[in-house]
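To keep things clear, I will list the structure first and then write my remarks on it.
There are 2 protein chains.
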Amino acid sequence: MSAAQVLDALGDPTRRAIVEQLSRGPCSVSALAEPLGITVTAVGQHLRVLEGSGVVASEKLGRTRTCRLEPAGLAAAERWIGNCRLLWESRLDRLGDLLD
Amino acid sequence: MSAAQVLDALGDPTRRAIVEQLSRGPCSVSALAEPLGITVTAVGQHLRVLEGSGVVASEKLGRTRTCRLEPAGLAAAERWIGNCRLLWESRLDRLGDLLD
DNA sequence: GTAATAGTGAAGTGATTGCTTGACTATTCC
DNA sequence: GGAATAGTCAAGCAATCACTTCACTATTAC
Chain L
1 MSAAQVLDAL
11 GDPTRRAIVE
21 QLSRGPCSVS
31 ALAEPLGITV
41 TAVGQHLRVL
51 EGSGVVASEK
61 LGRTRTCRLE
71 PAGLAAAERW
81 IGNCRLLWES
91 RLDRLGDLLD
Chain E
1 MSAAQVLDAL
11 GDPTRRAIVE
21 QLSRGPCSVS
31 ALAEPLGITV
41 TAVGQHLRVL
51 EGSGVVASEK
61 LGRTRTCRLE
71 PAGLAAAERW
81 IGNCRLLWES
91 RLDRLGDLLD
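Quick look at the structure:
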């Protein structure tokens, strides 16, 4: 669940659409595929990436797999981006202090 | 400077390394290329993507181009991820309330 | 002026990737 | 039992992508 894996996973528009859909609630594979206009096979491939990065979790009950968001995965990416931004902004702050 | 463009840009390990380097301070193109072990041409191509997404800004003085981080671009991606996560977490909270 | 430095542009290449089809394996419903 | 449903696996394909080399244009240094 490294930030690198998560950002790799979020670097694709279809996977972002899946994440957006899952943020509104758990979902089956075919329910994810339908609004995207792609096959369930394609969704399965994206899910493998999303699960591998820790952004999504799923479990199969009977013949349907239910997918849900894994907030900790998203949080890892948020921290990476936030850290870069804050590092830079603190530099800006120090520069501001120097100018005062 | 849409979140989609920023996440597309951050979906590549080399571009993330460039962002990490720039978070420690402004940098020339060749100074970015050296630790990465790639050509300045390759860095220039990545910079075009990063600038197009609003994560990086640069200006050319004389013959050297100085690149710096643009915090607003990173913030846009943070907001997108945070929004997905919070939407889902608030659902979890409501579920918790129901169970009480 | 000449030489070295910093970067840009065009073209090519090999690898990756997002997606499809077709065949197959459970599971549920009648 | 048989038919429909939900998903998985293996191959294959077209497009994108990250990177290179080579040629070229400023700018700076001697």
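As given, the protein sequences belong to chains L and E, one line each in that order. At position 43 of the first sequence (counting the first as 1) the number is 43 in UniProt numbering, and the numbers step up by one without a gap. At position 45 of the second sequence (counting the first as 1) the number is 45 in UniProt numbering, and the numbers step up by one without a gap. For glycine and all other residues, C-beta sits at the position ideal for the given N, C-alpha and C.
Interface flag for E:S30 against chain L is unset, since no Cβ pair is found closer than 9 Å. For the C-beta of L:P71, the chain E residues within less than 7 Å are, from N- to C-terminus, R85, W88, E89.
Contact of E:A57 with chain L is not assigned, every C-beta pair being separated by 9 Å or more. For L:A4, a Cβ of chain E is located within less than 9 Å of the residue's own Cβ.
Sixteen is the threshold: since fewer than 16 other Cβ atoms of the shown chains lie within 10 Å of the Cβ of E:A72, the residue is exposed. With a threshold of 9 Å between beta carbons, E:P13 makes contact with chain L. In this structure, the CA atom of L:G11 is about 11 Å from the CA atom of E:P13. Taking the CA atoms as reference points, L:R15 sits about 34 Å from E:A31.
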